[in-house]
Each structure stands twice: as C-alpha cells, then as structure tokens.
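Chemist: Under the numbering used here, the sequence shown has 887 at position 440, and the numbering climbs by one with no breaks.
Backbone N, C-alpha and C fix where the C-beta goes; we use that ideal spot for every residue, glycine too.
Keep in mind the model is a prediction, meaning the values are calculated, not measured.
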Amino acid sequence: MAINKIRKFLQKNTSALIAIGLGVTVSLVIFPLVILSINQVVKNGENKFTEQEVIRVENLIQDEINRNSRSLGDWSNWNDTYQFAVNQNQDYIVNNLFDETYKNLNLNAIIILNSSQEIIYGEYYDDETQSITESPVDFTSLIKTYPDLADMNLPEGYKGLAYTQGQVMIVASNPILTSLNEGPPRGKIIFIKLMNNQRINNYSKISLRDIGIYYVDSDLIESLPIPAPTILKDKVFVHPKNDDLITGYTYLPDLQNQPVILLQVDNTRDLYQQGRTTKGIIIVVLSVLILFLSIIAFFFTRGVLNAREHRKEEETSAKLLESTRQNAIELEKRVIERTRELELKNKDMETFNYTVSHDLKSPLRGISGYSNLLIKDHANQLDATGMDYLRKINDSAHRMDQLIQDLLVYTKTNRNEIIKIELDLNNLFNTLLLEYEDEISTRKIEIVKNLECELLHVDREGLTLVLRNLLDNALKFTKANPNPKIEFGCTSNEEYAVISISDNGVGFDLKYQDKIFDIFQRLNQSENYPGTGIGLALVKKTMERFGGKIYAESQIGVGSTFYLEIPL
C-alpha cells in the first residue's frame, strides 16, 4: 500500500522533482567553480598591478638617484670646485655653498674631500628649518662604511642608496675635475639626500599611493608578513591588508648591493571590490538562471517551454555585463594614463625652471658677491662716480635675482595644492600688517578696516600671497603722499565674498585696467616704484585657481581700489 502511494507521488510530481534535482546539481557544481575562477582572476590581476606600482615607485627612487648624480656633475666638473679642492679658498663657500643652494638642489648635505681623502668641507641642510644645522650623520663614519665614496680611481656616476647611523640616504660621488673634464682628480665631491618623511611624502604625491620605508634593522619589519631579504631579493611580495588595501613589498639594495630598506606601497583594491561586485552580479544571474532552468525543466517535461529562447536571453545579458565591465576598466586605465602624463609634464617644467634659474643665478651671485666686497673693502679707492656705478651694478643684480624668484613662484602656482580652511580674515590682515610694522609706523600710515565678513572658507597660503602683493603695492604707491591711507574691506552675499584694498596713492588710468594684470607689464617705470611686473599677474592667476576674479577701480592722483571676488 505504501509503495503504491510512493509510486503515485513520483508519477504525479516527476517534473517538479526533475527541476529541483537540476537546480541542486547546478548549484553544487557551478557556483563553486565560478567563485573560484573569479577569485583567481582577481588575485592574479591585483598581484600584477601591485607589482607594477611597486616597480613604478622603485623607478621614482631611481630617478631621484639619477637626478642627484646629474646635479653633482655640474659641480664636480667645474674649475671653481677644482681650485677649492687645491687651496680651500673661502670665497667659493661664500659665493656658492649657502642655504639657497641646498634648497634649489633639494640636498641635505654636501661633502668635499681633497686628494688625501680629508674632508675639507661638510655641511648639513635641514629641510624643516631650511638652514644649515648640525648633521645627524657623521660624515667620517659614512665614508668609512662606504670607502668607495672617497676612492679617487672610481669614475663618475658612483651613485645609489646608503645606510648608516639609522639613516637611509641617496648618495652620489664624483672625482673633482676641471670644467673640461680633465684631471688629475683633486678630490671627491659627494651629494646626499636623506630619505626623510618629506621626501617619502613627495613620492606618495607623485605616485598617488601611500608609501612606507622601513630600515632593515627596524623592529617593524618583524611584524610584517614578508620573507627574509635573502628570499625576497629582486622580487615583489604582495599581501592583502584588508578589503580596501593591498600592499606590495620589495627590498632595495645599497651601494654594496646589500638590502638597505624595505619599500612598502599600498594600493587600493579596486579590482577586488569590482570582483566582489561581479561575483554578486554573477550569483544573482546564476540564481536567476538556475531558477529559469528549473522552470524550463519543469515545463519542458510537459512540452510547454522553449529552452533555446531563454538561453539566447541569458547569453545577451552575459555579453552586456562583460561589455560594461570592459568599458569601466578601459575608462579607469585612460584616467590613470592621463594623470601620469600630466605629472611627467609638470616635473619636466619644474626641472626646466630650476635649470634656467640655476644657470642665471650663478653669474648673478658672482656679480653681487664681488660688488659687495668692492663696496665694503675698497670704497676708499673709488671716486663718487665709480661708487655710483658700483651700486647700480649691485642693485641691478638684486633686481634680476628678484625677477627670477618671482618668475619661479609664478610658474609653480598651478602645482600648489589648494587646501581650504576656516580663516579669520581680521587675524590674517593683522599678521600681514606686522610684516610692514616699521614702515607703517615710520610713515604714519593710517590703516582702516571695515570687515563685514571675517570668517572665510579659503586656501590660506594662496590668499596670503594675494593680499601680501596688494598690500606691498599699496605701500609702494603711497610713498609720495604725506598723509598715506590704506583701507581694507570685505562684503559678502550668498554666492561671493568681496575683499577690497584701497589706497590714496598715485593711481592709474582705467583704460590700462586689463594690461596691469599681464605678466611683466608695469605702468610706472620710475625707479621710485621698483618691481618685476609679475606681482599682479601672480595675483590674477591665483584668483583664477580659486574660481574667483580680481578687478580694480582707480583715478590718477586720487588712488586705487582692488577687489577680490571669492566664491563661497
């Protein structure tokens, strides 16, 4: 009796049982295979991309090593350096080895050895204080650790990483030759750049990745999931940190081909997140597919459903999904490529500007230095006309130096990051006025502030640069007025804040309003009103980066008012 009931049940529900059996079978077989396949593809893709990012950062460090070596070449093959290595003439240090040299070369230390391998010059420049201070690295110990740095027989191009006294650094060493690259070598000159936080952060900005550098003797390395240096040498190890970050590690060798530092590069897990999304979509699609197949099997046994039509629909959905995924990957790739191209172009422009500045400043430093020495030590040997000419030479050198500095600031404006903060405008004006406190007090300048809006959400560095230029102009062009007056104002509406700076100076004809904001344009060429013609152009460029604008009102002999319109 029971067997008959079972037989009748199976006969009655054959289609349903077939559909259920098919669904369960597909779920147990297809789902694991698809998930494993996607996981493997994502893992391989993440590992390859992360390895490429680590290699890219490693190339950035190598580029820095090469730039340091190229900069060194200008100093090692130079008659002035050659003579200094022989006679230690202090004029060489006074005219060349000052704070600005270290800053422009992006160096932390310069060491010069004579032919006896004795240190005749060695100074350290601190990036934070921007001045020459006591060195955290003992130069003698460094040379003892890496004796090839002082080897006179090694040719140019000895460069790389070094590690001593807890400091990792970029080092380049060249023999000192004449400007014609002739010998014999009179010593060695060494350029050093510390791998400090500022330099590491710079690599992070360029690569758009978080970068970590650990010393080989650091306890932190023991806590990281990486193989020993002997195992990982010349390889990249990839390890996922969490669902958002994946990290690549590699060891970098020093001048003696020993592992000095562990380079860590964090990469966002975009592919992993995309894989998770894809798996979710595929699970949904497969679930729907299984449901459809079960329904198809159920109705197929009864001759109702056409399975071919449903399979075509599923194939179309799969192709559309793949097409969408490929388009997203291609778009992301193009964005990354364009970003890298822009970074390279900005870097080339910065290198060009520095090269021009360095080449122009070198003779200017000589002119300025020697003219100062003549004025200071030989003034009694010159008549009034000679002293006048000498002062004009000195003043011209200073003006040319200021022009170069202003031009560098102008070209770097677009690369400065805009960081908006809540800024107290009254405090900012007070800070600027303190910079000119002596002049304001001496000339008895009347200062008036009418600030209806005191708090602004704006980039402090950029606004300070703009206001300092306008205040400097106001002070300069009111010198002929016996009762000078400068007024600061600020008003706002729902869209803009308008800052104004007014003076009762010489003024200008409004028909030149557009011309004054062009670079190198000066309406007043009098020596009583010195300038480079870059200040107002820099102000206009900065305001445009803010999304705002600058305009002016003026009347000759009455004064001028400049307005800064800043979007809120």
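#1: Do you know how far the Cα of residue 945 is from the Cα of residue 444?
#2: Whole angstroms is fine: what's the gap from residue 826's alpha carbon to residue 818's?
#3: Between 471, 778, 634, which lies nearest to residue 524 when the distance is taken from Cα to Cα?
#4: Rank 831, 898, 511 by C-alpha distance to the C-alpha of residue 606 and give the top, closest one.
#5: Please work out which residues of its chain come closer than 6 Å, Cβ to Cβ, to residue 751, disregarding the five sequence neighbours upstream and downstream, and give them in chain order.
#6: Quick test of your reading: residue 504 and residue 654, contact by CB under 8 Å. State the CB separation rounded to the nearest angstrom.
#7: Going by DSSP in three states, residue 982 sits in which element: helix, strand or coil?
#8: Three or more C-beta pairs under 8 Å: does that hold for the segment 982–1001 against the segment 875–882?
#9: Mind checking which residues open and close the beta strand (DSSP E) that includes residue 892?
#10: Give the C-beta separation of residue 659 and residue 711 to the nearest angstrom, bearing in mind that I take them to be a contact with Cβ-Cβ under 8 Å.
#11: Okay, do the segment 926–934 and the segment 955–969 touch, 3+ Cβ pairs below 8 Å being the bar?
#12: By DSSP's criteria, residue 937 is part of a beta bridge. Which residues make up the other side?
#13: Just to check my reading of the structure: residue 870 and residue 903 have Cβ atoms closer than 8 Å, yes? What is that Cβ distance to the nearest angstrom?
#14: When the Cα atoms are used, what is the spatial distance from residue 758 to residue 486?
#15: According to DSSP, simplified to helix, strand and coil, what is residue 556?
#16: Give the list of continuous beta strand (DSSP E) stretches no shorter than 3 residues that lie fully inside the segment 678–720.
#17: Out of 992, 955, 982, 572, which one is the CA nearest neighbour of residue 966?
#18: Using a 10 Å radius around the Cβ and a threshold of 16 neighbouring Cβ atoms, would you call residue 584 buried or exposed?
#19: Quick check on this structure: which residue in 716, 882, 761 has the alpha carbon closest to the alpha carbon of residue 734?
#20: Tell me whether residue 909 is buried or exposed, calling it buried when 16 or more other Cβ atoms sit within 10 Å of its Cβ.
#21: Do residue 608 and residue 702 have their beta-carbon atoms positioned less than 8 Å apart in this structure?
#22: Please identify the residue among 1015, 950, 1014, 996 whose C-alpha is closest to the C-alpha of residue 1004.
#23: Count the other CB atoms within 10 Å of the CB of residue 640; is the residue buried (16 or more) or exposed (fewer)?
#24: Using only the alpha-carbon positions, how far apart do residue 837 and residue 829 sit?
#25: Give the range of the beta strand (DSSP E) segment to which residue 635 is assigned.
#26: Which residues in the same chain have their Cβ closer than 6 Å to the Cβ of residue 574, if we skip the five residues on either side of it in sequence?
#27: Put residue 570 into one of helix, strand or coil per three-state DSSP.
#28: Give the DSSP-derived three-state secondary structure of residue 841 in the structure shown.
#29: Which whole-angstrom value describes the C-beta separation of residue 927 and residue 953, a residue pair presumed to lie in contact below a C-beta threshold of 8 Å?
#30: In angstroms with no decimal places, state the Cα-to-Cα distance between residue 627 and residue 647.
#31: Residues bridged to residue 595 by DSSP?
#32: Give the DSSP-derived three-state secondary structure of residue 1012 in the structure shown.
#33: What are the start and end residues of the alpha helix (DSSP H) that includes residue 909?
#34: Let me know the secondary structure DSSP gives residue 751 once reduced to three states.
#35: If you measure between the beta carbons of residue 604 and residue 516, is that distance less than 8 Å?
Modeler: Let's see:
#1: Residue coverage of the chain in this structure runs from 448 to 1015, which leaves residue 444 outside it and unanswerable.
#2: 10 Å
#3: 634
#4: 511
#5: Note on residue 751: pLDDT 47, under 50, position unreliable in the model; the coordinate value appears next. So the list is empty, once near-sequence residues are dropped.
#6: 5 Å
#7: helix
#8: no
#9: Element bounds for residue 892: n/a, residue is neither H nor E.
#10: 4 Å
#11: no
#12: 898, 946
#13: 5 Å
#14: 26 Å
#15: strand
#16: 684–687, 692–700, 706–715
#17: 982
#18: buried
#19: 761
#20: buried
#21: yes
#22: 950
#23: buried
#24: 9 Å
#25: 634–641
#26: 645
#27: strand
#28: helix
#29: 6 Å
#30: 36 Å
#31: In the DSSP output, where bridge partners are listed per residue, residue 595 has none listed.
#32: strand
#33: 907–924
#34: Note that residue 751 scores 47 on pLDDT, short of 50, meaning its location in the model is unreliable and no value can be drawn from it.
#35: yes
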